[in-house]
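S.K.:
Protein chains in written order, with the numbering used here: chain A, 14 to 468; chain B, 704 to 1225; chain C, 6 to 384; chain D, 5 to 397.
#1: Mind listing, in chain order, the continuous beta strand (DSSP E) runs of no fewer than 3 residues lying wholly within the region 113–159 of chain C?
#2: Do the region 1075–1093 of chain B and the region 395–403 of chain A touch if we need at least three Cβ pairs shorter than 8 Å?
#3: Measuring alpha carbon to alpha carbon, tell me which of 156/C, 351/C, 249/C ends up nearest residue 12/C.
#4: Three-state secondary structure (DSSP) at residue 309/C?
#5: What residues of chain A sit near residue 42/C, judged by a beta carbon separation below 8 Å?
#6: How do the region 138–145 of chain D and the region 347–364 of chain D stand: do at least 3 beta-carbon pairs fall below 8 Å, yes or no?
#7: Mind checking which residues open and close the beta strand (DSSP E) that includes residue 1159/B?
#8: Can you list, in chain order, the residues of its chain whose CB lies under 7 Å from that of residue 1187/B, leaving out five sequence neighbours each side?
#9: Label residue 1027/B either buried or exposed according to how many other C-beta atoms from any shown protein chain fall within 10 Å of its C-beta, with 16 as the threshold for buried.
#10: Taking the alpha-carbon positions, what's the residue 757/B to residue 268/C distance?
#11: Given this structure, state the Cα-to-Cα distance separating residue 185/D from residue 68/D, to the nearest angstrom.
#12: Taking 8 Å as the threshold (beta carbon to beta carbon), is residue 14/A in contact with chain C?
#13: Count the other CB atoms within 10 Å of the CB of residue 235/C; is the residue buried (16 or more) or exposed (fewer)?
#14: Within the region 1073–1124 of chain B, note down every full alpha helix (DSSP H) run reaching 4 residues or more, in order along the chain.
#15: Report buried or exposed for residue 110/D, applying the criterion of at least 16 other Cβ atoms within 10 angstroms of its Cβ.
#16: In three-state DSSP terms, what is residue 60/A?
#17: Which residues does DSSP pair with residue 1179/B in a beta bridge?
#18: I'd like the list of long-range same chain contacts for residue 243/D, defined as Cβ closer than 6 Å, with 5 residues on each side in sequence excluded.
#19: Does the beta carbon of residue 188/A come closer than 8 Å to any beta carbon on chain B?
#20: Does residue 10/D come out as helix, strand or coil in the three-state DSSP assignment?
#21: What number of angstroms, rounded off, separates the C-alpha of residue 131/D from the C-alpha of residue 43/D?
#22: Hey, residue 177/A and residue 144/A are a contact pair by Cβ (cut 8 Å); roughly how many whole angstroms apart?
#23: Going by other Cβ atoms of all chains shown within 10 Å of its Cβ, with 16 needed for buried, is residue 321/C buried or exposed?
#24: So residue 97/A is in the alpha helix (DSSP H); what residue range does that whole segment cover?
#25: Give me whichever residues DSSP pairs with residue 317/C in a beta bridge.
#26: With respect to 7 Å, is the separation between the Cβ of residue 198/D and the closest non-hydrogen atom of the ligand HEM below this value?
#27: I need the boundaries of the beta strand (DSSP E) containing residue 12/C, first residue and last residue.
#28: Any contact between the region 1190–1197 of chain B and the region 921–935 of chain B? By contact I mean 3 or more CB pairs, one from each, below 8 Å.
#29: Where residue 1077/B and residue 367/A are concerned, what is the direct C-alpha to C-alpha distance, given to the nearest angstrom?
#30: Grab the span of the beta strand (DSSP E) containing residue 860/B for me, first residue to last.
#31: Threshold first: 3 residues or longer. Then list the beta strand (DSSP E) segments lying entirely within the region 1021–1073 of chain B, N to C.
#32: What residue does the alpha helix (DSSP H) around residue 159/D start on, and which one ends it?
#33: Give me the chain D residues within the contact set of residue 102/C, using Cβ-Cβ distance strictly less than 8 Å, ordered along the chain.
#34: Could you name the residues of the same chain whose beta carbon sits closer than 6 Å to that of residue 1166/B, not counting the 5 residues immediately before and after it, in chain order?
#35: Chain D partners of residue 1204/B, CB-CB under 7 Å?
Laid out in structure tokens, this is it:
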């Protein structure tokens, strides 16, 4: 279909070929039934070793103190918050695909929604790790929640960190619920397929007695729609609140009103890059090329140009208003980003986020697996550096020249970052073995002939 | 003044007991000897009608006695005497050896608080170094943190380089008192010993030594400073402290002509929400930049009063020094003739403190008398407050410093006895900062309550204020119209640092007036 | 052999079009107790079955409003009523800052309670067993077939008629589904010893773990609560000093600022001769003297210094202070007695500050004068 | 499903009465505006700014919606795209509306006063941008860009009516891709130039997005109202509930988006409490403006939010029509709230405010009847049309 002039008169099949519903069951459930391949064992041993490096660094941090990291005065936030924002951003793609595209009736989402949602949950788990770790006394996280205590003290509801606690935990819970609700029919299908008694028990319990009854589907679809309706503002609110962490402050380079939409766009941008990168492997490894098609990947690349351009717009707007606003601190911060000691980070960010994604204007690159993979990686690097630039450059040179400092990350910082990737990919590797990576019931509904021809 | 610890004897007492013979030792031996000596020699010359005991106690109480000593009455400057101190000319580089500002000749080398006081100008801690002018450094081909070997007839030593704007060309100054090998857990092996450069004959004579040869040697040695160094000719960062009105200065002439010259561009400050009203006592501080000499006595005083931990050289290099008050030094002008400005910077106890808003656990909030207070036990250490502080005066315990420095030296007996019992000893993971010496405020308040009299702001003296030799720091109740601090706040030269952040600081600075007109320095 | 009872008659269909038509037919034929099973939601099925729109929306509205209102009320109560604190100079009730939390709670309440409602109300959780489970019929549905199941309890149910009807509308593999009566009755009692045992074990484990974590583990290194302090705390003993006293008295022979030692120790005469009251007898000083007198002196000497307090008789009687002796004493002598004590009277130097002692003397002079008022005073 | 694809089957003129009413309103509006300029030129100039921003919203927003359909590959909006194309034609009339303002720049924009700029360090720093010549140049450039894209989109679209060439769709998709960033920048600059620079000391990085949210709402509402009205009058009989639902859902989404942007801007400025920023909100929270601010929240967010919350309400044509008008009014109120506090410190309302709304309604009617006479109401040649007409959720 990529050869001739595009045919606009008919909708593209979401699933390539004409697979039968039963074949879909077999394909999607295949990884669950087989003994893991050697590649899988190699992969998980790599990710587990990353995870254990991270665990070691975390253990040392708990034992010795935050001094092991590179944070200092004035740069009190470093890799910790950079990673937090990065991972939260990664998570956003999942909710966007599963909720917003659902509301927009984009049928192509069905192939990738389940996987993206799982990534959301795992990314939020990785993200949640960092705010817990970055506090000086990691054994007191409950102080950040309003629970009745003998001090009679509550939390500070005007602090963005408290908003974060609410936002991230709500996001995690709602994403998990959304994900689980989506899984119920598939679990029932697995329950009816499996021959193993143990598996059957587990699936039976978690499928909540689902029997594909239309009297249930009716409520189920309604609930799913409403959940999607809630997940959409929720996902916007989460990164908005994360952006508030910076934007409510008075620090030049942090305090700017465009942060909320800009952060959301950036989050979706990096999230799509990550989903695209991982899906390239998943469709290859599990023979899902007809379900997660090249069209899916191309559409994701298109979303990346859009969100990347939004991010570029925000960069431009920040620069313009920094000049236009005439505030000398703002002007200094932006000049300092571009020319100061962290200029390398700034230009990495600009080139990876704004310049390289422009290559996706070319259809060839949009549909070339190696090219899109490379750009996806670059985008993730760029978005990570965006958070680095925001957090570190603004803090390292703020108001008083006397208190300026330089931030140099330590091996512990790097180790924990590595560990978070280890955790993320370990969870993904486990996920692909124990649950269907593609929503069986949803894909069945969009294959050709899946819906009645007359209504 | 402390009583003997463990089984120790005062050295004077030891000497006396040797003189007076066996079994003559008792703890008060020296005390009695001293009193007897004063009664015999000094007391009669005073010719007072009181008895000796009264004289003795009042001398102890005041700390000084005024002796009737008159010089020869000739106070003219004797230029010719210089010749005996400074030789007419020098060959090669000149090395000037000076006593350390803080650890003296090395006697106080084992005092971490002093080792960690930043040098008033260079802001270097925990080290001595060869201070060179920019041109000399260029001539020698060295840069900051390079090492040079200084050779004099009597010895040679390798010293790290520090480029000091304003230093005379060809002159290398180095502090003495460092490089001790056996000074205790803190003071051993700090810096380099430059005593080796002193000629034996000069131990009491001139310490300005000519004829040195200097050569760059391989390797670097990183000096720790509490303030970053910015090139004076980089237009990007040059004179930022003046552009940002952090330090405000004027000339005497300007002030005489127009006393209100600072405030012509009046900035209107208002809040989008209703502001909190403070009735009753409200604490405030004023710092007169004209009086401040940048000596760091306030820093030392604060350290002692508030149990400020010592963090060590490496941690200072990482930017983790813990001092609650710091003296910021800014240069303006050129590298050859820089103008330095000092500014004590401490928590400004802002009325609309940006740090408070963002603390998720309300560990920092405002007291009814206007203090920005820090609740250590509630603090979980998100460090958000520090990020959002425009003045960056908050300090975070990245480690348990007392345990971390010199193998727990500061936690051991009897060193821990020196900590102020009225002030919490902070552990790792909590944020801390200047409290305006709240323990002293509470003490005065208790006394006022006990006596049933109203609390008077001027009765409270903060530790930095106490320590300041120039009385540059004034503290008190700004709501008391007669108080000194209220007068300072209304002063024509008074200003607040970073007013535009609308934080409403309670520390007022008085702009520095330079008398450059008469010296024609511009 | 378990007793089996028929649940329904089921039929399978191949395509979505067929099942839509079949559902429509079933409804038209007047069956009410039937269900359609499809492996995924088939568009238009609700209409074909004549189902009303799901009511979940109303629940969500209620849950959401509950979340919004309760969170705003809670934050209001916290910041206005329970613990008002000045934070960053912002008003106690900073409503714009409440919006994010209120929004999150609204979403959380609405979406989680929505799912709970759906599961409990419509999926009948936790009672999730159903006769259709584990039937070949369900296995086919789970995969790729569509099915209709007409239940036995339908008022129009008649095995033969239904079978024919299903056949007529194109149903294949028409099979009855049975269920065990026993399965239905298999109830569990609350007092099953096994169940109670598990409960007890859980309780012990949970409370033990809670205790161990929160009262033991969390108070060990490296967790720091700053309860041990590397300093000499007030009123605590010290091992360092031989006398074990942590709060050290000033070293003997030293003089603190503002505290000259009392020079007339044991020399009352000299005190009387040399000491002069440094305070003037102003109203404030006398008031202060009165307050201090009533606190420290009156228990023995009586409110009016007549030596007539309640303590009379328990000790050697405290004397009246209106005796000629005391009246004619110079201030310094009285000061000395207060400072050093006399006979059974202890020293008050550590309780009453120096200024207060002098103030007491002024007050005492007033009392003495009042007791021996001259005629001129009456005017 | 068979669709009549003959061009004639879709071209229908509006009744003459509509055209006549349009002209009457247009002339009445012009007359009131002229009178306003005679009586109180300064006030009228401010109203003119509102009028311009409003028209720019509807016009440029419609071009944006056309581009959005192409780039997003949407099918549901194909049958109604022509309405957006017609409304996009209003960009050509923008200079006419802006023209009177250019003679009164001095009354409206503080930064045009040279003596003020000279005395004000901050304004002097901005003078390279806030410069009358540059201002006009930017206006002209933006006008050219918008007109050009409008012209290209509609030309290709109308050409397709006869040629039925799907390649034209491909070309328009590419054009739309180029248009998006151009539109983002040009709309932002319009917002900065015309609205933000009214208070030249104040700035906010989100301002462009804020105006954008209102722009999309205005364009969408105008189109929605016209589409429903045409549908009810039998011009677009084939439309399904699903298409209206999409319009309603989009409207609902952008109502939320507007509220989100507006609240973000407010919260961030309120929280940091920097006088240079808060001054803007404070001048909108005193002397009666606070009531306008509250009204804006209610009118622009609360009421439309609850009115369009449920699924059914988005398909209820009557309600949708009412809400479309309502939101157009809300956008006008929004612009009034943005612009007028600069004119007067205390809230004031005068008959001159009616001039431009009346004028613009007339203008839209006239332009619409003109366009409908010359164009098909449905893009009969669009390859996506069949899918668009059979669009189901």
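All residues carry an ideal CB built from backbone N, CA and C; glycine is no exception.
Note that the coordinates shown come from a computational prediction; the quantities given were computed from them, not determined experimentally.
M.R.: Checking against the coordinates, here is how it stands:
#1: 151–156
#2: no
#3: What you label residue 12/C is simply residue 7 of the third chain in a count that begins at 1. It is 156/C whose Cα lies nearest to the Cα of residue 12/C.
#4: Indexing the third chain from 1 puts residue 309/C at position 304. Reduced to three states, the DSSP call for residue 309/C is coil.
#5: Translated into positions along the third chain, residue 42/C becomes position 37. Within chain A, the residues near residue 42/C are 224, 225, 226, 227.
#6: no
#7: For the purposes of this step, residue 1159/B is taken as the residue at position 456 of the second chain. Careful: residue 1159/B lies outside any beta strand (DSSP E) and carries neither H nor E.
#8: On the second chain, position 484 is the one that residue 1187/B refers to. The answer, listed in chain order, is 1161, 1177, 1179.
#9: As a first step, residue 1027/B is located in the second chain; it is residue number 324 there, counting from the start. With 16 or more other Cβ atoms within 10 Å, it is buried.
#10: Within the second chain, numbered from 1, the residue matching residue 757/B stands at position 54. Within the third chain, numbered from 1, the residue matching residue 268/C stands at position 263. Cα-Cα distance, rounded: 7 Å.
#11: Numbered from its first residue, the fourth chain carries residue 185/D at position 181. Numbered from its first residue, the fourth chain carries residue 68/D at position 64. If you take the alpha carbons of residue 185/D and residue 68/D, they lie about 11 Å apart.
#12: Counting from one through the first chain, the residue named residue 14/A turns up at place 1. Residue placement at residue 14/A cannot be trusted, given a pLDDT of 33 that sits under 50; what the coordinates show is reported in the next sentence. At a cut-off of 8 Å between C-beta atoms, residue 14/A does not count as an interface residue with respect to chain C.
#13: For this step, residue 235/C is matched to residue 230 along the third chain. So residue 235/C counts as buried.
#14: 1087–1090, 1104–1107
#15: As a position in the fourth chain, residue 110/D is number 106, starting the count at 1. Its Cβ having fewer than 16 others within 10 Å, residue 110/D is exposed.
#16: Working through the first chain from its first residue, we reach residue 60/A at position 47. The answer is helix: DSSP assigns residue 60/A an H, G or I state.
#17: Taking the first residue of the second chain as position 1, residue 1179/B is located at position 476. Paired residue(s): 987/B.
#18: Stepping through the fourth chain from its first residue, residue 243/D is reached at position 239. Taken in chain order, the residues that qualify are 235.
#19: Counted from its first residue, the first chain places residue 188/A at position 175. Chain B, which has no Cβ nearer than 8 Å to the Cβ of residue 188/A, makes this no.
#20: For the purposes of this step, residue 10/D is taken as the residue at position 6 of the fourth chain. Residue placement at residue 10/D cannot be trusted, given a pLDDT of 46 that sits under 50; what the coordinates show is reported in the next sentence. Residue state, collapsed to three classes: coil.
#21: Position 127 of the fourth chain, counted from the first residue, corresponds to residue 131/D. Position 39 of the fourth chain, counted from the first residue, corresponds to residue 43/D. Roughly 32 Å between the two C-alpha positions.
#22: Stepping through the first chain from its first residue, residue 177/A is reached at position 164. Stepping through the first chain from its first residue, residue 144/A is reached at position 131. At roughly 7 Å, the Cβ-Cβ gap stays under 8 Å, so residue 177/A and residue 144/A are in contact.
#23: Taking the first residue of the third chain as position 1, residue 321/C is located at position 316. With fewer than 16 other Cβ atoms within 10 Å, it is exposed.
#24: Here the question's residue 97/A lines up with position 84 in the first chain. Unbroken alpha helix (DSSP H) run through residue 97/A: 92–108.
#25: As a working mapping, residue 317/C is identified with position 312 in the third chain. Beta-bridge pairing links residue 317/C to 320/C.
#26: The ligand content of the structure shown is nil, which means the ligand HEM is not present either.
#27: Counted from its first residue, the third chain places residue 12/C at position 7. First-last of the beta strand (DSSP E) with residue 12/C: 9–18.
#28: Flag = no, the region 1190–1197 of chain B and the region 921–935 of chain B do not touch.
#29: In the second chain, residue 1077/B corresponds to position 374, counting from 1. In the first chain, residue 367/A corresponds to position 354, counting from 1. Approximately 43 Å between the Cα atoms of the pair.
#30: Position 157 of the second chain, counted from the start, is the residue given in the question as residue 860/B. Unbroken beta strand (DSSP E) run through residue 860/B: 858–866.
#31: 1029–1036, 1041–1048, 1067–1069
#32: By one-based count along the fourth chain, residue 159/D stands at place 155. Residue 159/D -> alpha helix (DSSP H) spans 136–167.
#33: Counting from 1 along the third chain, the entry for residue 102/C is found at position 97. Neighbours of residue 102/C on chain D, chain order: 271, 275.
#34: Within the second chain, numbered from 1, the residue matching residue 1166/B stands at position 463. Result list for residue 1166/B: 1004, 1005, 1008, 1140, in chain order.
#35: Against the second chain, residue 1204/B aligns to sequence position 501. Those within 7 Å of residue 1204/B in chain D are 278.
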